[in-house]
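Some notes on the structure that comes next.
Numbering (my numbering), first residue to last: 579 to 645.
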């Protein structure tokens, strides 16, 4: 699965949002972040959750052995 593209944007009300683009999916916008640091932390968590949800990704301990 290809990775998503993330873009943090500052909104007119000085809050932050994250635009998420995944291949084959519609644009998703996560809103309501008080700071860019909060938005960046959300991106890290979103990546981690999407990687964990990928049923075709081999567990990390099996990747190195070529299985």
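C-beta atoms are modelled at their ideal positions from N, C-alpha and C, and glycine is treated no differently. A quick note: this is a predicted structure, and the numbers were derived from the prediction, not measured.
Residues near residue i in its chain [Cβ-Cβ closer than 8 Å; skip 5 each side]
i           : result
residue 593 : 609, 610, 611 and 612
residue 627 : none
Continuous alpha helix (DSSP H) stretch holding residue i: start and end
i           : result
residue 631 : 614 to 631
Range of the contiguous beta strand (DSSP E) that encloses residue i
i           : result
residue 585 : 583 to 588
residue 610 : 606 to 611
heavy atom of the ligand SAM below 8 Å from residue i C-beta
i           : result
residue 595 : What this structure holds is no ligand at all, so the ligand SAM is not there to describe.
Residues of its chain near residue i, where Cβ-Cβ distance is below 7 Å and the 5 sequence neighbours each way are ignored
i           : result
residue 588 : 594
residue 621 : 584 and 596
Whether residue i touches residue j by CB criterion (9 Å)
i           : j           : result
residue 586 : residue 617 : yes
Anticipated Cβ contact below 8 Å, residue i with residue j, distance rounded
i           : j           : result
residue 600 : residue 582 : 4 Å
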